[in-house]
């Protein structure tokens, strides 16, 4: 089995007496309310998804991640995992003391052992992580709205928040045991935030030819307007797997994590996360984790050159399309025919058809998948 | 922020050989090349244990069965 990133899965969820004791203690601690995305970060740290992180990054790691795309100990890490607070708010907290982190409804979710408070430059953060300072970029817009102070330190989680999708929620410890029980030595991860079309299926099945199994891992959480709703993505994949995959070769579980749309840097982050889940390979397609036209379509593949020590193997795919002449799904590397013969797997085109109540042609989407999507009154985020 | 680094000696002949190898590539310097090769090598030598306690394993397997992931 592939090692977790940094060698060990982080486990910072409190159980039994330690949890009981901590719950008693939180009543006396200063409180910081955190948004849903930070709750996801907290849980991803505590359950090992973000191993080897044990908490929110201190200044040295933060600076190193911005400048070198590595933690202080040289491990690859491309996305700062930080917790922000306003200056006045932060002044209430003392380094070396504990804070209780509450979710938006006031429920205590974790204890932060505050080690450090520091200020940062949000323009620099945006430019280095997103390669742009354009506020029309959703990641940059989010950074622009961050508060001035970053709070760093290890966390201990008191409770994993329930979601409507708990039936699909597995921690890295669980997927690792699952893959081992299934006898999978090689597992390819497929990151998604979309319903599957034929192009996705083709990429996945091509990768599955070389591995023992596939881990379909939809990202659940804040997305942008026009994206498919989480429940639609899950229902459509369930249907695809049921009709077109070998049950013993495919597993789907959710990843509750904010999409940052950081293109190449986020592709590395996605790879690290899937390594922690126990995957040996990850599919990186065209414009992975991109948005608009901020990144070169294959920048998210090129960046892997800089990380020979990542541990997980990326499988790069060019964009696929259906060729009428070949009568199959192909890409520019294997099909000699002109564009007039090509039917592109355009998300926008498929979306337009679905919105107008039309079933996309079977060259684009499996009819069973289309039917499931059309059963939802409004499958898109408004 | 200045990148922290230390000097390591390698034979001049090896240095020159690397200079030739990286000519015309995206690798900007001999130092970058050496760091890349060393990281690759060190990653292969990474060791770690993944010991879940028996109790933990049983709990996880029960949950996986209940969710339909395992028969």
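Chains as they are written, first to last, in this note's numbering: chain F, 1 to 382; chain L, 1001 to 1071.
Cβ coordinates follow ideal geometry from the N, Cα and C atoms, glycine included.
Problem set entry | Straight-line gap, residue 212(F) to residue 382(F) (C-alpha atoms, nearest Å) | 38 Å
For this session: Using a threshold of 8 Å, state whether the C-beta atoms of residue 165(F) and residue 227(F) are closer than that.
Result: no
Problem set entry | Straight-line Cα distance separating residue 1056(L) from residue 266(F) | The alpha-carbon of residue 266(F) is positioned some 32 Å away from that of residue 1056(L).
Exercise. Identify the residues that DSSP records as bridge partners of residue 156(F): which are they?
Worked result: 111(F)
For this session: Check whether the Cβ atoms of residue 245(F) and residue 291(F) sit closer than 8 Å, and answer yes or no.
Result: no
Exercise. Hey, which unbroken runs of the beta strand (DSSP E) at 3 residues or more fall wholly within the segment 18-43 of chain F?
Worked result: 31-33
Exercise. Helix, strand or coil: which one does DSSP assign to residue 354(F)?
Worked result: helix
Exercise. Taking only beta-carbon atoms, is residue 251(F) less than 8 Å away from chain L?
Worked result: yes
Exercise. Do we get a CB-CB distance below 8 Å when we pair residue 1055(L) with the residues of chain F?
Worked result: no
For this session: Kindly say whether residue 1062(L), judged by its beta-carbon, lies nearer than 8 Å to any beta-carbon of chain F.
Result: Taking Cβ atoms only, chain F never reaches closer than 8 Å to residue 1062(L), which makes this a no.
Exercise. If you measure beta-carbon to beta-carbon, which residues of the segment 306-323 of chain F are closer than 7 Å to chain L?
Worked result: Going along the segment 306-323 of chain F in chain order, one finds 308, 309, 311 with a Cβ nearer than 7 Å to chain L.
For this session: Would you list, in chain order, the members of the segment 7-37 of chain F that have their beta-carbon closer than 8 Å to a beta-carbon of chain L?
Result: Going along the segment 7-37 of chain F in chain order, one finds 7, 8, 9 with a Cβ nearer than 8 Å to chain L.
For this session: Classify residue 328(F) as helix, strand or coil using the three-state DSSP reduction.
Result: strand
Problem set entry | Closest by C-alpha distance to residue 119(F), when choosing among 135(F), 149(F), 259(F), 285(F) | 149(F)
Exercise. Any idea what DSSP makes of residue 387(F), helix, strand or coil?
Worked result: Residue 387(F) is absent from the model: chain F starts at 1 and stops at 382.
Problem set entry | DSSP three-state assignment for residue 191(F), whether helix, strand or coil | strand
Problem set entry | Residues near residue 46(F) in its chain [Cβ-Cβ closer than 6 Å; skip 5 each side] | 12, 13, 157
Exercise. Quick one: which chain F residues come within Cβ less than 7 Å of residue 1081(L)?
Worked result: The shown model of chain L, from 1001 to 1071, leaves out residue 1081(L), and the question about it has no answer.
Exercise. From the DSSP output, which residues share a beta bridge with residue 314(F)?
Worked result: 282(F)
Exercise. For the candidate residues 376(F), 309(F), 319(F), 163(F), whose alpha-carbon lies nearest to that of residue 74(F)?
Worked result: 309(F)
Problem set entry | Outcome for residue 330(F) when other beta-carbon atoms lying within 10 angstroms are tallied against a minimum of 16 | buried
For this session: Quick one: which residues of the segment 1028-1046 of chain L get their C-beta closer than 7 Å to a C-beta of chain F? List them in chain order.
Result: Flagged, chain order: 1036, 1039, 1040, 1042, 1043, 1046.
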